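Heads up, the thing below is written out as C-alpha cells.
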Amino acid sequence: KAGVTQTPRYLIKTRGQQVTLSCSPISGHRSVSWYQQTPGQGLQFLFEYFSETQRNKGNFPGRFSGRQFSNSRSEMNVSTLELGDSALYLCASSLSPAGEYREQFFGPGTRLTVL
Amino acid sequence: DAKTTQPPSMDCAEGRAANLPCNHSTISGNEYVYWYRQIHSQGPQYIIHGLKNNETNEMASLIITEDRKSSTLILPHATLRDTAVYYCILSSSGNTGKLIFGQGTTLQVKP
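Chain order of the listed sequences is A and B.
Be aware that the first sequence starts at 5, since it is given in the numbering used here, and climbs by one per residue.
Be aware that the second sequence starts at 29, since it is given in the numbering used here, and climbs by one per residue.
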C-alpha cells in the first residue's frame, strides 16, 4: 500500500505570494492532519480534516487554510507569505478519527522557502 | 503547550537497551501516551501507545507507572538507525488527529 504522498517536495516563493500544498493520504484513510515544523518552534499542529470537514484547528493566523476533497485528498493554502512561513509542512493521515487506535502516518513533507 | 517533559538528549551504546523517560504529571484519565520518532529529514513515525498497561510491539516496549504520571519507552537493542528525535505525546481518543509535539529527546546511538 502506498504511503502518504505530498507534492511538491520543495518550493521557493517570495514574500506576499500565496502557495498551495497537496497531500494524498493512504488509501482508505479519511483523516488528514497538517503540521508545520521549524527549527525555532518545532512541530506545530495546523489543522485536521475528516470527511471534508475541519475537525480541529491549531493556533495559526487565518492566512493558513485547508480543505479536503471527497476522495480524502487535502490541500493547504498559505496566503500573503511571510519569511517566517519558511518551514517543513507535514501531512499525516489516519484510518479513522474515532476510537482508541489513531496512529498517524506522516508523509515526507514539503519544504517551503520564502525569500 | 506540550503536557510532557522529556530530557533534551540521551546517548546509548549500539546493542544496548535505550530507556527514554517522559513525565506527564497532569495526564487526564482519558489520555493515551503516544510515542513517535523522527529520523532526520523524514516525517515522524509512530512507535507505540498505551493507556495504563504496559505495551510491547516489534519496535519497542512502553512502561507506564501505576499513577500514570510518567512513562518509559524502551528500545531493547538499539541500532545506529534508531538515532532520532523521540516524542512523547498525550492525546485523548476524542481529540482526533491532533498531536501536540514537545521538544522531544534526541537519542544518539553510538557504535
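For glycine and all other residues, C-beta sits at the position ideal for the given N, C-alpha and C.
Please read all numbers here as calculations on a predicted model, not as lab measurements.
| Check | Outcome |
| --- | --- |
| Contact with chain A by residue 102(B), beta-carbon distance below 8 angstroms | no |
| Sufficient close CB pairs (3 or more, under 8 angstroms) joining the stretch 69-77 of chain A to the stretch 30-44 of chain A | yes |
| Three-state secondary structure assigned by DSSP to residue 92(A) | strand |
| Unbroken beta strand (DSSP E) run spanning residue 112(B), endpoints | 112-120 |
| Unbroken stretches of the alpha helix (DSSP H), 4 residues or longer, contained in the stretch 31-60 of chain A | none |
| Chain A contacts from the stretch 72-102 of chain B (Cβ-Cβ distance under 9 angstroms) | 72, 73, 74, 77, 79 |
| Contacting residues, own chain, Cβ-Cβ under 6 angstroms from residue 137(B) (five flanking each side not counted) | 40, 42, 106, 108, 110, 111 |
| Residue from 78(B), 119(B), 135(B) with nearest C-alpha to residue 103(B) | 135(B) |
| Cβ pair residue 72(B), residue 133(B) closer than 8 angstroms | no |
| Residue 109(B), DSSP secondary structure in three states | helix |
| Members of the stretch 54-83 of chain A that neighbour chain B once the beta carbon cut-off is set at 8 angstroms | 54, 59, 60, 62 |
| For residue 39(B), the residue or residues it bridges with in DSSP | 136(B) |
| Opposing strand residues paired with residue 66(B) [DSSP bridges] | 113(B) |
| Residue 2(A), buried or exposed, once every other Cβ within 10 Å from all chains shown has been counted against 16 | What is shown of chain A runs 5 to 119, which leaves residue 2(A) out entirely. |
| Nonlocal neighbours in the same chain, by C-beta distance under 7 angstroms from residue 32(A), ignoring five residues either side | 99 |
| Own chain residues within Cβ distance below 6 angstroms of residue 120(B), not counting five before or after | 58, 59 |
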